[in-house]
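Engineer:
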Amino acid sequence: MRNLDITTLRSFAAVAEAGGVTRAAGFLNLTQSAVSMQLKRLEDLLGLELLERSGRGISLTPAGAQLLGYAHKMIALNDEAYARLTHQTWEGEIVLGVPVDIVYPVIPRVLQQMERTHPRVKVQLVSSYTNELKKTFARGEADVILTTEDTNGPGAETLARVPLRWIGAPDGQAWKGRPLRLAFCRYCGFRPGALTRLDAKGIDWEMAVDSDNDRTVEATVSADLAVTTSLEGHAPPQLAYIDAGSGLPDLGLQRVNLYCGAGKSEIVHAMAEALRQGFAAMSATPAAA
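Residues 99 to 387 (the numbering used here) make up the sequence shown, in order.
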């Protein structure tokens, strides 16, 4: 009887979910070669090919798809047992604040990880705009927040520097119109900088949507009635990045910043580390244009 190793299963699951060794290595905080060696060890142990490798990336073989379900259960049970036996004092609630436009794809993975490693900790997710989150944090109403800013605030730790991009409908034409029709939420932190850059380049614009609802903005842009902005890698799936050669001004980089409460308890440290790993994994693979 052979024993499946949790470490190799964890690497296999990470590669399957991330779609590649590079992103998985970042998420696991391992080197690419270490992850590749673990995958080979697992395939050698089972005598099966688990992954199909091609120029388009990595996909699961039928055997790999079958193993993935078992891997998730075994990893979750391992983490739950370890957490309950070694961290029984880690109980309570932590409030995590995240801007609406970077909830996906990292935050669901972080919440899953915290559930596995700290099952007695309740994570309350608050989603708002950067300015509102910083006010909430200053009042002591959030333990950890992420922000999207072009600079570092006092006490901030930058997790990633991400290009801000123009987005529109797939194969849309709205970006060609003049005046350029824009859709922004009133409290969007990207809005002032985008307008300033359009003015500096002499591009006339008009506000097609001035709303406090992100869904209204997304619906207008997806109908090719306006364009808006999004961090690279975080655009809604129904929208597309506008090519850099469109003539629209470059929007520069934004920082994804992490702020932790002054108490910095073990739970806060664990949450911060999970967020670091999540954004490191995402940064390892550039978003498609």
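All C-beta atoms, glycine included, are put in the ideal place defined by N, C-alpha and C.
Just to confirm the assignment, what range does the alpha helix (DSSP H) spanning T234 have?
Structural biologist: Where T234 is concerned, the enclosing alpha helix (DSSP H) stretches over 228-236.
Engineer: If contacts are defined as beta-carbon pairs under 8 Å, then R284 and E304 qualify, I think. What distance do you get, rounded to the angstrom?
Structural biologist: Not confirmed; about 16 Å, so no contact.
Engineer: Grab the span of the beta strand (DSSP E) containing R259 for me, first residue to last.
Structural biologist: Residues 255-266.
Engineer: Closest to K138 by CA distance: which of K220, H170, D103, G270 is it?
Structural biologist: For K138, the nearest C-alpha among the options comes from D103.
Engineer: Compute the distance between the beta-carbons of D199 and Q352, then report whether it is under 7 Å.
Structural biologist: For D199 and Q352, no; Cβs fall outside 7 Å.
Engineer: Find the nearest neighbour of G253 within the set L244, A174, D177, V260, judged by alpha-carbon distance.
Structural biologist: When each option's Cα is compared against that of G253, the closest is L244.
Engineer: Considering only their Cβ atoms, is the gap separating G270 from A240 smaller than 7 Å?
Structural biologist: Result no, Cβ atoms of A240 and G270 do not sit closer than 7 Å.
Engineer: Grab me the residues of E150's own chain with a C-beta within less than 6 Å of its C-beta, minus the 5 sequence neighbours each way, in chain order.
Structural biologist: Excluding positions up to five away in sequence, the list reads S157, T159.
Engineer: With which residues is K220 paired in a DSSP beta bridge?
Structural biologist: According to DSSP, K220 bridges with E191.
Engineer: Identify which residue in I192, L356, G345, R313 has its Cα closest to the Cα of Q336.
Structural biologist: The residue with the shortest Cα to Cα distance from Q336 is R313.
Engineer: In this structure, does DSSP put N355 in helix, strand or coil?
Structural biologist: In the structure shown, N355 sits in a strand (DSSP, three-state: E or B).
Engineer: What are the partner residues of T249, as DSSP defines its beta bridges?
Structural biologist: Paired residues: none, contrary to the question.
Engineer: For the segment 213-229 against the segment 317-334, are there 3 or more C-beta pairs whose distance is under 8 Å?
Structural biologist: The answer is no - the segment 317-334 does not touch the segment 213-229, with fewer than three Cβ pairs under 8 Å.
Engineer: Cβ atoms of L146 and A161: under 7 Å apart, would you say?
Structural biologist: Yes. Within cutoff.
Engineer: Who are the near neighbours of D310 in its chain, counting only those whose CB is closer than 8 Å to its CB and skipping five residues on each side?
Structural biologist: Closer than 8 Å at Cβ, skipping near neighbours: C283, R284, Y285.
Engineer: Let me see if you follow: with CB-CB separation under 7 Å, is I192 close to chain B or not?
Structural biologist: No chain B appears in this structure, which consists of one protein chain only.
Engineer: Just the C-alpha distance for Y357 and A317, rounded to the nearest angstrom, thanks.
Structural biologist: In a straight line, the C-alpha of Y357 is about 32 Å away from that of A317.
Engineer: Check this for me: beta carbons of I205 and M369, under 7 Å apart or not?
Structural biologist: No, these two residues do not count as a Cβ contact at 7 Å.
Engineer: So what does DSSP say about A333, is it helix, strand or coil?
Structural biologist: A333 falls in the coil class under three-state DSSP.
Engineer: Given a threshold of 16 other Cβ atoms within 10 Å of its Cβ, counted over all protein chains shown, does N355 qualify as buried or as exposed?
Structural biologist: Buried is the call here.
Engineer: Within 8 Å, do at least three Cβ pairs link the segment 104-116 to the segment 169-183?
Structural biologist: Yes, since at least three Cβ pairs between the segment 169-183 and the segment 104-116 fall closer than 8 Å, the two stretches touch.
Engineer: Using the Cα positions of M212 and V242, report the straight-line distance between them to the nearest angstrom.
Structural biologist: C-alpha separation (whole angstroms): 14 Å.
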